[in-house]
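Undergrad:
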Amino acid sequence: MLQRLTIGARLALAFSLLALLLLAISTIGFRGLQQVKSTAVETLEIDAAIALDASRVQLLALQLRRYEKDAFINFAEAERHASYRDRWQDARERLAATLSTAREQAPSDELQALYLEAEAALEEYATGFLAIYRRLSDGEFATTAAVNQAFDEHKDAVYHLSDTAGAIGERAEAHMATARQAIDVSHATALRWLLSVAALALGAAALLSLLITRSIVTPLGQALAITERVAEGDLDQTIQVHGRDETARLLNALQHMTRSLSSLVASIRQAGESVHGNADEIAHGSHALAARTEQQASALQQSAASMEEITSSVAQNADSTREADDLAEEATVRTRVSNETVSRSVTQIQEVVADAARMDSIIETIDTIAFQTNILALNASVEAAQAGDKGRGFAVVASEVRALASRSADAAGEIRKLLDTTRRQLEACADQVLQSGQSMSDTTTSIERLGAVVTRIGAATREQADGLTQIGTAVAELDSTTQQNAGMVQSTSQAAITLKRQAEALTAMVARFRVAEAPAGAPAIAAPATIAASTRRPEASAEPA
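1 is the number of the first residue of the sequence shown in the UniProt record's numbering; add one for each residue after it.
#1: Going by beta-carbon coordinates alone, are A409 and D367 separated by less than 7 angstroms?
#2: Report yes if the CB atom of V333 is closer than 7 angstroms to the CB atom of V433, and no otherwise.
#3: What is the DSSP secondary structure of D234, reduced to helix, strand or coil?
#4: Please say whether T258 and Q237 have beta carbons closer to each other than 7 angstroms?
#5: So what's N74 in DSSP terms, helix, strand or just coil?
#6: So D479 and Q255 are supposed to be a Cβ contact under 8 angstroms. How far apart are they, rounded?
#7: Does DSSP put R244 in a helix, in a strand, or in coil?
#8: Please determine if the stretch 149-158 and the stretch 185-199 are in contact, where contact requires at least 3 C-beta pairs separated by less than 8 angstroms.
#9: If you drop the 5 nearest sequence neighbours on each side, which residues of the same chain put their C-beta closer than 6 angstroms to that of A102?
#10: Give the C-beta separation of G467 and E308 to the nearest angstrom, bearing in mind that I take them to be a contact with Cβ-Cβ under 8 angstroms.
#11: Mind checking P219: buried by the 16 CB within 10 Å criterion, or exposed?
#12: Helix, strand or coil: which one does DSSP assign to F30?
#13: Between which two residues does the alpha helix (DSSP H) harbouring D109 extend?
#14: Spell out whether any CB of chain C is found under 7 angstroms from the CB atom of A113.
#15: Thinking just about the alpha-carbon of each residue, which of T321, S306 and S436 is nearest to the one in N339?
#16: Suppose you measure from the CA of residue 551 to the CA of D280; what does that come to, to the nearest Å?
#17: Is the separation between the beta-carbon of N374 and that of A405 shorter than 7 angstroms?
#18: Tell me the rounded alpha-carbon separation between Q425 and V401.
#19: Contact check, A157 vs G128 under 8 angstroms by CB: the rounded distance?
#20: Hey, how far is the Cα of R85 from the Cα of Q58?
#21: Any idea if D245 is buried or exposed, counting beta-carbon neighbours within 10 angstroms, 16 or more meaning buried?
#22: Are the beta-carbon atoms belonging to G451 and E329 less than 7 angstroms from one another?
#23: Between L111 and R171, is the Cβ-Cβ spacing less than 7 angstroms?
#24: Judging by CA-CA distance, which residue of S313, R56 and L130 is the nearest neighbour of T164?
#25: Identify, in the order they occur along the chain, each residue of the same chain with its Cβ nearer than 8 angstroms to the Cβ of A118, setting aside the five sequence neighbours on each side.
#26: Within the continuous alpha helix (DSSP H) that includes T144, where are the two ends?
#27: Helix, strand or coil for E228? Go by DSSP, reduced to three states.
#28: For I216, which three-state DSSP category applies?
#29: In terms of alpha-carbon separation, which member of S320, G393 and H284 lies closest to Q490?
#30: So, are the CB atoms of I369 and A412 less than 7 angstroms apart?
#31: Let me know the secondary structure DSSP gives E140 once reduced to three states.
#32: Let's test the definition: count the other Cβ atoms within 10 Å of the Cβ of R92 and tell me whether it reaches 16, buried, or not, exposed.
#33: How about L11 and A205: do their beta carbons lie closer than 7 angstroms?
#34: In this structure, does DSSP put F15 in helix, strand or coil?
#35: Just how far apart, CA to CA, sit E104 and A49?
#36: What is the DSSP secondary structure of L20, reduced to helix, strand or coil?
What follows is the structure in structure tokens.
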């Protein structure tokens, strides 16, 4: 029955049943806990409150007696016994309130009757104490013993109050014991149900685990036996499959696998025989290809050596062109410096010519002064002649002045002539210097053009050198690639030999498998001629290289 279900369905069924049992256990436990909780809450809210009220009644009764004794002992001090009387009154009011509240919350008539008795005893005791305290305040007692003796008639009420408080405490303890018994009963009932359902769950789990394990392990054992026989080389097996679960699908898959392996081993056997026949042809073709590759490698080595020589020559030309370019640039710089020097010389000559023109103006001024001086000296001579003997000395001076003026005019004329000659010579020199500067400018332009041409030649030479370097690198890489191809061809030849040996080993290994007859639709194996043709195609493509 279980074999008709999948493993997932079996596990789901088992887990569902266990989940239902677990839910039952949880429900029983929850109900037991709720019952225990209800009993515990009732105990805490009622019985514990009763016990607490009983304890308060006993405590407040003791406080009343204490304040009573303190008031009687300090009867002679009005303030102190009044203070104890106030404390007694406060304790009395709290005890009365506690008795009233506890009586209203009492769960039984018996307990209510006890609280009523306690209230009556408290009232009787309070009446007696207040009566004695009034007499004490009026000064009727001389000693504490007298006060106590007067209060003896009210002590029955005090004793009755204490006995009633004790009875209330005993009743509260009885309620607590009853609640404890109820909790124990609830706990035992819940525990019995939990243990019963847990035992049922364990039994169901054990039974389900046994059935499910058997339904899974048996087919897996069959599958393990099949795989062991396949590992031993038996591929011709008949596998019986029952059911529709995962193990049944596994057995079906194993059956399909053994059939596929049987077909595959048969094909491998045929392919091994074919590979063994083609390995010799591959080795022969690889040997011939290796010989041609070595010839190509030798030719490429010679080409690489020639390219290195050409590259070296072009590199030397590039260096020479670079030196010529540097020299042309240096000549251009020097010519520019000379041109600037000539320009400064022309400027200085032009400044000298301008200074000569200013000197001509100064000489003109000197000539004018000499002419005026000559006229003045002539006038002075005339005046001296008219003066006679008195003006004779002045006439001599005037004559000397005229002579000096005449000499100054002559000197100014000579200087003017020299300046004119010098100006003409400077102008001619300036023209020659300008012509020299123009020639230098033309020379500078020619040198710059020459430098540009040399620069272009150097750039072209460097480009040629770079191109030759790249060509050399390509040739070297081609040489390296050819060497690698030669190595690969040798490796291919060795691989062909190894392939032949492996084909022999493969044929021997496949021979140990026992297979069924080859199916009619088995894939065809490549013929030796086809493999040989595919092997020769790389050789034909390598010859043009």
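Note that beta-carbon positions come from the ideal geometry of N, C-alpha and C, so glycine has one too.
TA: With the structure as the only source:
#1: yes
#2: no
#3: strand
#4: yes
#5: coil
#6: About 60 angstroms; that fails the 8 angstroms criterion.
#7: coil
#8: no
#9: D53 and Y115
#10: In fact, because the Cβ distance is near 14 angstroms, the residues do not count as touching under 8 angstroms.
#11: buried
#12: helix
#13: D109 to S137
#14: Of the protein chains in this structure there is only one, and it is not chain C.
#15: S436
#16: Nothing about residue 551 can be reported from this structure: the residues present for the chain run from 1 to 545 only.
#17: yes
#18: 36 angstroms
#19: 6 angstroms
#20: 19 angstroms
#21: buried
#22: yes
#23: yes
#24: R56
#25: V57, L99, L161, T164, A165 and I168
#26: T144 to F151
#27: helix
#28: helix
#29: H284
#30: no
#31: coil
#32: buried
#33: no
#34: helix
#35: 12 angstroms
#36: helix
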